[in-house]
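So the structure is just underneath, and the comments pick up after that.
Numbering (the working numbering), first residue to last: 2 to 198.
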């Protein structure tokens, strides 16, 4: 019975994750030009922050240097869409970024005419993906709402590694897991003392 409940919970987590990924991909593909008029309408001291259709927009820039936009998508998606635009509003760079500021997925850079200059896959060589990590976090019931939560990734001696940190349930430790970025194996799991002031 417990295994059935775990399987059902895992399927629900995967379904929510897939819906969020589709939302992010749809938004990435539809974003082509910066809406300068909308930015000017919401701008205060050179930047604009506003919500529209469950998305939060953080924008800054000007007609001389160009514009930058961070779009926070509705939960459960945790990635943000990052885009840079030329001064005329045409797209320069776009991709997904995790809030800890690492690039995720395929990023594209365009010339002023909209032709692709470069395309970089920031998920290589991670076959155990960011989405697998977020699914693992949900199954482990890790609290992602504190400022002690973080997901990091690196390549250590040619092996991709994920590290997840979170505040322990007692509030006095930072729990961590180091996960192999190829097969998802837990390499190390433990905690560090933390003085909560």
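Positions of the beta carbon are idealized from the N, C-alpha and C atoms, including for glycine.
Here the structure is a predicted model, which means the values were calculated and not measured.
query	result
So the candidates are 178, 88 and 172; which of them puts its Cα closest to the Cα of residue 195?	172
Specify whether the region 48 to 68 and the region 76 to 87 touch according to this definition: at least 3 beta carbon pairs, one from each stretch, less than 8 Å apart.	yes
Looking at the structure shown, is residue 197 part of a helix, part of a strand, or coil, going by DSSP?	coil
Less than 9 Å between the C-beta atoms of residue 150 and residue 167, yes or no?	yes
For the beta strand (DSSP E) containing residue 40, list its first residue and its last residue.	First-last for residue 40: 37 to 43, but that is the alpha helix (DSSP H), not the beta strand (DSSP E).
When you compare only the Cα positions, how much space is there between residue 64 and residue 88?	5 Å
Short of 8 Å in beta carbon distance, which residues of its chain neighbour residue 27, apart from the five on each side in sequence? Order them along the chain.	With a pLDDT of 47 at residue 27, under the threshold of 50, the modelled position of this residue cannot be trusted, and the question is left open.
Going by beta-carbon coordinates alone, are residue 109 and residue 96 separated by less than 9 Å?	yes
Between the C-alpha atoms of residue 105 and residue 62, what's the straight-line distance to the nearest angstrom?	23 Å
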